[in-house]
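Position 397, counted from 1, in the sequence shown is what our numbering calls 564; the numbers after and before it change by one each time, with no gaps. Even for Gly, the Cβ is constructed at its ideal location relative to N, Cα and C. Keep in mind that this is a model prediction, so the values were computed, not measured.
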Amino acid sequence: MEENDNILKKKEVIANLNIELSKNLPQNERILQIEYYENMQLLSESMAEYGFEEDICTVTRERINDKGESEVTYELYDSNNNNIGKVVKGKVHFNREYLESIKEICKDNSSLYDELVELDGKIDYKELLEKNKDKSLVMTEKEIDEYIRDERTKEQQREENSENREINEEEQEKQKEENQEEKEQLEKEQEPEGKGNKSSLTERIAEEKGIPSHSVVFVKENSSLYKDHPELERNMYFYRDKDGVVKAEYIDKNGKPQPSKYINDSKTLSRQVVSIGKDGSEVEREVPYQFMTSSIGQKGAIKEVGFSVNINMGYLEIEEARLGTNGKWTSHEVEMQGRDYNSSEVREQTELIHGSKNPNRISNAYERVEDTGFEENGIQLDELSLRRNVEKFIDEGYQRPEAIDIVNYMIGEEALTEEQAKERVNDEIKQRGQEDRQNESQQQESSREDDEEEQRTMGGDAWDRLMNRR
Numbered sequence: 168m169e170e171n172d173n174i175l176k177k178k179e180v181i182a183n184l185n186i187e188l189s190k191n192l193p194q195n196e197r198i199l200q201i202e203y204y205e206n207m208q209l210l211s212e213s214m215a216e217y218g219f220e221e222d223i224c225t226v227t228r229e230r231i232n233d234k235g236e237s238e239v240t241y242e243l244y245d246s247n248n249n250n251i252g253k254v255v256k257g258k259v260h261f262n263r264e265y266l267e268s269i270k271e272i273c274k275d276n277s278s279l280y281d282e283l284v285e286l287d288g289k290i291d292y293k294e295l296l297e298k299n300k301d302k303s304l305v306m307t308e309k310e311i312d313e314y315i316r317d318e319r320t321k322e323q324q325r326e327e328n329s330e331n332r333e334i335n336e337e338e339q340e341k342q343k344e345e346n347q348e349e350k351e352q353l354e355k356e357q358e359p360e361g362k363g364n365k366s367s368l369t370e371r372i373a374e375e376k377g378i379p380s381h382s383v384v385f386v387k388e389n390s391s392l393y394k395d396h397p398e399l400e401r402n403m404y405f406y407r408d409k410d411g412v413v414k415a416e417y418i419d420k421n422g423k424p425q426p427s428k429y430i431n432d433s434k435t436l437s438r439q440v441v442s443i444g445k446d447g448s449e450v451e452r453e454v455p456y457q458f459m460t461s462s463i464g465q466k467g468a469i470k471e472v473g474f475s476v477n478i479n480m481g482y483l484e485i486e487e488a489r490l491g492t493n494g495k496w497t498s499h500e501v502e503m504q505g506r507d508y509n510s511s512e513v514r515e516q517t518e519l520i521h522g523s524k525n526p527n528r529i530s531n532a533y534e535r536v537e538d539t540g541f542e543e544n545g546i547q548l549d550e551l552s553l554r555r556n557v558e559k560f561i562d563e564g565y566q567r568p569e570a571i572d573i574v575n576y577m578i579g580e581e582a583l584t585e586e587q588a589k590e591r592v593n594d595e596i597k598q599r600g601q602e603d604r605q606n607e608s609q610q611q612e613s614s615r616e617d618d619e620e621e622q623r624t625m626g627g628d629a630w631d632r633l634m635n636r637r
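And the structure:
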């Protein structure tokens, strides 16, 4: 039990650090993973008595530069989210503030502080992590998002339970009766109206409006649409009227259709949208058949929300479209009754319940991989994530810098195929190997020359001259 509590504590620290860093995270950066190290010995053993075995988090960031290239950096933070250092060329460099704080702690033994200053920039980052790996917990970007989402859901549930306890019994009973009446009314509308009548609520609405039943689609009760935009009316449905205009309505508590207050009727608008659909298996740029604007307000990096309308074999397909700060639209399918839920991958990229998602990332990433080797078999959602492609190549045996080079060749100006990019990197690996061997040979030769020079002392030279004269 104690071990589980310890793991939960570490996860909480990681999540809080991720939330704090995300507040000022540039649009072209992302946090790939955070590692928690318990009682990490940053410095020499002689300093352990002064409390320099502390809990440390290492943060791995990915930044996309102006050329569309991936740059990975590493930082160190203490358990209070204070940045204490960064990694430069594989070595740990401490912040001035951190050095000053340690100077204050060990002011009665200045030699220890001098030792720390001497170590600054000389501690090998990989060796440090390897030495402390037995006390570490690693959480990837996806795992952190899932943890934060679950914790906020639990917190929301606790708040709801707390609010319910504060409501007196009379109000609880009244609310219960209203909910039951609404539920019974809706169920009544959805049930067959008679023994020989098989009309569902969908079919009844279609009949009243004089349109085919496949022109009416209800939003799933637990759709991500309601979670992301709780202001929207429940029991919502979209339908295409006789004139071909798509409208949004909902069933009120009296079982009567009412027009949505937030979603406007569709119009023919020429808007390019990068669509990831419901499972991300085929990401594509499209111009929707029609488009519905809305009065849903700006949310974080989402400037505007609308709805793309397409007709597939006569059936309505509705996607929620989001306008990013880069002026580009991305969209994903609205989950409808009688149809599959969106994949976990799509939900992970779009749900707002655990923090605002930036639509710029999808549209910018799509443009990077468009017309490259990734497009040969259709662009998939996971191919828009540089991290996933990098991890894929690492699993194949490449080092991280080499894996990043492969991706950069695929999304760069040359737009190499995967095989071409691998071949290029393999050639570079061979070239570096040859250069390393040459450098090693030169260093050995230089070392021999140094040894010989050290042996030429004044006495040694005199002895040589004496022997030569004989």
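Can you tell me the Cα-Cα spacing of residue i and residue j, whole angstroms?
i: G564; j: I311; result: 26 Å
i: I251; j: I463; result: 41 Å
i: K178; j: M306; result: 8 Å
i: A373; j: I478; result: 17 Å
i: S367; j: H381; result: 12 Å
i: P379; j: E484; result: 15 Å
i: L394; j: I561; result: Correcting the residue type first, residue 394 is Lys in the shown sequence and not Leu. Cα to Cα, K394 sits roughly 36 Å from I561.
i: Y437; j: E400; result: A small correction: the amino acid at residue 437 is Ser; Tyr does not occupy that position in the sequence shown. Computed Cα separation, rounded: 28 Å.
i: E308; j: R489; result: 22 Å
i: D301; j: N173; result: 14 Å
i: K270; j: Y241; result: 24 Å
i: K256; j: R228; result: 15 Å
i: E187; j: E471; result: 25 Å
i: A167; j: K234; result: A question about residue 167 goes unanswered here, because the residues of the chain that appear run from 168 up to 637.
i: Q208; j: I315; result: 29 Å
i: E602; j: A570; result: 20 Å
i: E607; j: E590; result: 26 Å
i: R325; j: G505; result: 32 Å
i: E267; j: D291; result: 22 Å
i: V413; j: V513; result: 25 Å
i: G638; j: P526; result: The question about residue 638 has no answer here: the residues shown for the chain are numbered 168 through 637.
i: P640; j: D572; result: Examination of residue 640 is not possible in this model, given that the chain is present from 168 through 637 alone.
i: R263; j: N247; result: 17 Å
Flag this pair as yes or no: are the beta carbons of residue i and residue j separated by less than 8 Å?
i: S390; j: V501; result: yes
i: R567; j: V239; result: yes
i: I443; j: T492; result: no
i: P426; j: I418; result: no
i: Y406; j: V383; result: yes
i: E453; j: F474; result: no
i: Q465; j: T435; result: no
i: E282; j: A182; result: no
i: K376; j: D408; result: yes
i: K385; j: M577; result: The displayed chain sequence assigns Phe, not Lys, to residue 385. Not closer than 8 Å, so no.
i: N206; j: E221; result: yes
i: F261; j: D287; result: yes
i: R230; j: E202; result: no
Can you round the beta-carbon distance between residue i and residue j to whole angstroms, since I take them to be within the 8 Å contact cut?
i: L192; j: C224; result: L192 to C224, Cβ: 16 Å. No contact.
i: V226; j: I198; result: 6 Å
i: M403; j: D432; result: About 14 Å separates the two Cβ atoms, so there is no contact after all.
i: E398; j: Y429; result: 7 Å
i: S237; j: V574; result: 6 Å
In this structure, does DSSP put residue i in helix, strand or coil?
i: G473; result: strand
i: D408; result: coil
i: M480; result: coil
i: Y508; result: coil
i: E487; result: strand
i: L519; result: coil
i: I269; result: helix
i: N185; result: helix
i: Y241; result: strand
i: N173; result: helix
i: G600; result: helix
i: K258; result: strand
i: G361; result: Because the pLDDT at G361 is just 36, under 50, the model does not fix this residue reliably, and the point stays unresolved.
i: Y576; result: helix
i: I315; result: helix
i: Q208; result: strand
i: V592; result: helix
i: K289; result: coil
i: I443; result: coil
i: E179; result: helix
*Quick one: which unbroken beta strand (DSSP E) runs of 3-plus residues sit fully inside the region 372-437? Chain order, please.*
383-385, 403-407, 413-418, 424-426
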